[in-house]
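Okay, structure first, notes after.
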């Protein structure tokens, strides 16, 4: 099926949209009036950026006379920031009233094709790199590879594939009849140390760049199994040890305090969500060097679904509790000095609306520049890609977002970007 999914994605290449003449150019020059090269250090004014073969080769003061063969992009009146990074997305799905029904009819090819559409929206929203932490293996790995090969437009993807989950936990098949549960339960559901080691190895064999586990219960799983720890400590430790032996980091979906702390104690490098963290948890984040990816947009989104009959009753109950807590959680984490990387859990919210998270970050006390730094420098460190992305510097990928207004004055302007540059090529609506 994977080869068929890739073939379908390849067929989309001529149908998506034209990236621009940059695809045929070997040298491009950008004249930037206001350049936020290193978020946190303010703007550089009037800079000329030279791009060759998708990378930044030179940044100079002022504007230079160019040869006729050089493509020049005049952004003298614009604001140019690094390409944004979303550390938590689900490109191959988007929550809807028919999502559970669609499971019965859709294939991984359908998921890959949906993912291509979502990837385009994500790129046009200014996100040139994402970490996808939960999707059908063949669909997301095929999409990642198709984008990397230039077959379809989208952000570069670092992907976990399906999350490793305890049997009956968040991410396993829940709320179906016994017959359907047997069909939908995948190889990533595991029990005990040895079985969890197997799940890690098989996930990496399938193509995972990073390992995701569901250390606690979750909001949108159709079960009343709670939001606390669901893996035993020895299972988490075995997953981390196995992943590290094979060159992979581990991130953990975790809402409850006990599950967050168990993950951090046992070597997990980052926590997705973190809803019930407290002062002790914050201290543990700092002592272990763990990163928090808050995904507040997801909490706000699900809290608006609590009166929707299509959402299963267990999920409605959890959504009513979780949503209102998450802005305050992020505020306390920031004030406590936790390292925070930008992430949205998009796929719960709509693809292309990722920048709504910036508004929530500012509501939680971030300055606009701190919020942008979380989606550039900090997120690049989190994805272990600081040498390639996160700032506008010589030697890095030429990834930039162009804005007509100053996002440091009004963070909401990131919800309507002018256009996007990825690998030196222009992408416009």
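Numbering (this note's numbering), first residue to last: 11 to 439. Glycine included, C-beta positions come from ideal geometry on N, C-alpha and C. Keep in mind the model is a prediction, meaning the values are calculated, not measured.
Using the C-alpha atoms, what's the distance from residue 299 back to residue 340? Locating residue 340 in the chain shown gives position 330, counting from the first residue. Locating residue 299 in the chain shown gives position 289, counting from the first residue. In this structure, the CA atom of residue 340 is about 17 Å from the CA atom of residue 299.
Considering only residues of the same chain and omitting the five flanking positions on each side of residue 278, which have a CB-CB separation below 8 Å? Along the chain shown, one-based indexing puts residue 278 at 268. Result list for residue 278: 223, 225, 246, 250, 260, 261, 262, 300, in chain order.
Could you tell me the distance, in whole angstroms, from the CA atom of residue 323 to the CA atom of residue 360? For the purposes of this step, residue 323 is taken as residue 313 along the chain shown, with counting starting at 1. For the purposes of this step, residue 360 is taken as residue 350 along the chain shown, with counting starting at 1. Computed Cα separation, rounded: 22 Å.
Tell me the rounded alpha-carbon separation between residue 302 and residue 143. As a working mapping, residue 302 is identified with position 292 in the chain shown. As a working mapping, residue 143 is identified with position 133 in the chain shown. Each residue's alpha carbon lies about 14 Å from the other.
Looking only at its own chain, which residues have a Cβ that is under 6 Å from the Cβ of residue 392, when we skip the five neighbours before and after it? One-based indexing of the chain shown puts residue 392 at position 382. Taken in chain order, the residues that qualify are 97, 301, 351.
From this set, 285, 273, 389, 238, which residue's C-alpha is nearest residue 244's C-alpha? Residue 244 sits at position 234 when you count from the first residue of the chain shown. The option with the nearest alpha carbon to residue 244 is 273.
Please check the pair residue 99 and residue 311, which I expect to be a contact at CB under 8 Å, by giving their CB distance rounded to whole angstroms. Numbered from its first residue, the chain shown carries residue 99 at position 89. Numbered from its first residue, the chain shown carries residue 311 at position 301. The pair is not a contact, with the Cβ atoms about 13 Å apart (cut-off 8 Å).
Backbone secondary structure at residue 311 - three-state DSSP: In the chain shown, the residue the question calls residue 311 occupies position 301. Note: residue 311 maps to helix in three-state DSSP.
Following the continuous alpha helix (DSSP H) through residue 215, name the residue where it begins and the one where it ends. In the chain shown, counting from the first residue as 1, residue 215 sits at position 205. 202 to 216 is the span of the alpha helix (DSSP H), which, as asked, contains residue 215.
Which residues in the same chain as residue 33 place their Cβ atom closer than 6 Å to its Cβ, once the five residues preceding and following it in sequence are excluded? One-based indexing of the chain shown puts residue 33 at position 23. Confidence in residue 33 is poor, its pLDDT being 45 and thus under 50, which makes the residue's placement too unreliable to answer from.
Contact belief for residue 121 with residue 162 at Cβ below 8 Å, rounded distance in angstroms: Counted from its first residue, the chain shown places residue 121 at position 111. Counted from its first residue, the chain shown places residue 162 at position 152. At roughly 14 Å, the Cβ-Cβ gap does not stay under 8 Å, so residue 121 and residue 162 are not in contact.
Residue 410 bridges to which residues according to DSSP? Indexing the chain shown from 1 puts residue 410 at position 400. When DSSP reads this structure, residue 410 sits in a beta bridge with 92, 431.
If we cut at 9 Å on Cβ distances, does residue 43 have a partner in chain C? Among the chains of the structure shown, chain C does not appear; only one protein chain is present.
Secondary structure of residue 298, DSSP reduced to three states: Taking the chain shown and counting its residues from 1, the one referred to as residue 298 is at position 288. When DSSP states are grouped into helix, strand and coil, residue 298 belongs to the helix group.
Just checking, does the region 130 to 142 make contact with the region 89 to 96 on the three C-beta pairs under 8 Å criterion? Yes, they touch.
Can you tell me the Cβ-Cβ gap for residue 430 and residue 133, rounded? I've got them flagged as a contact below 8 Å. Taking the first residue of the chain shown as 1, we reach residue 430 at position 420. Taking the first residue of the chain shown as 1, we reach residue 133 at position 123. That belief holds up - the Cβ atoms of residue 430 and residue 133 are roughly 6 Å apart, short of 8 Å.
Helix, strand or coil for residue 61, going by three-state DSSP, please let me know. In the chain shown, residue 61 corresponds to position 51, counting from 1. When secondary structure is reduced to three states using DSSP, residue 61 falls in the strand class.
Would DSSP call residue 74 helix, strand or coil? Reading the chain shown from its first residue, position 64 is the one you call residue 74. Three-state result, residue 74: coil.
When you compare the region 397 to 414 with the region 51 to 70, are there three or more beta-carbon pairs, one atom per stretch, that lie closer than 8 Å? Verdict: yes, contact present.
Quick one: what's got a C-beta closer than 7 Å to residue 146's C-beta in the same chain, skipping five residues either side? Start at 1 with the first residue of the chain shown, and residue 146 comes out as number 136. Excluding residues within five positions, the ones whose Cβ falls inside 7 Å are 102, 118, 121, 172.
Measuring only the C-alpha atoms, how far is residue 202 from residue 319? As a first step, residue 202 is located in the chain shown; it is residue number 192 there, counting from the start. As a first step, residue 319 is located in the chain shown; it is residue number 309 there, counting from the start. Residue 202 and residue 319 have their C-alpha atoms spaced approximately 36 Å apart.
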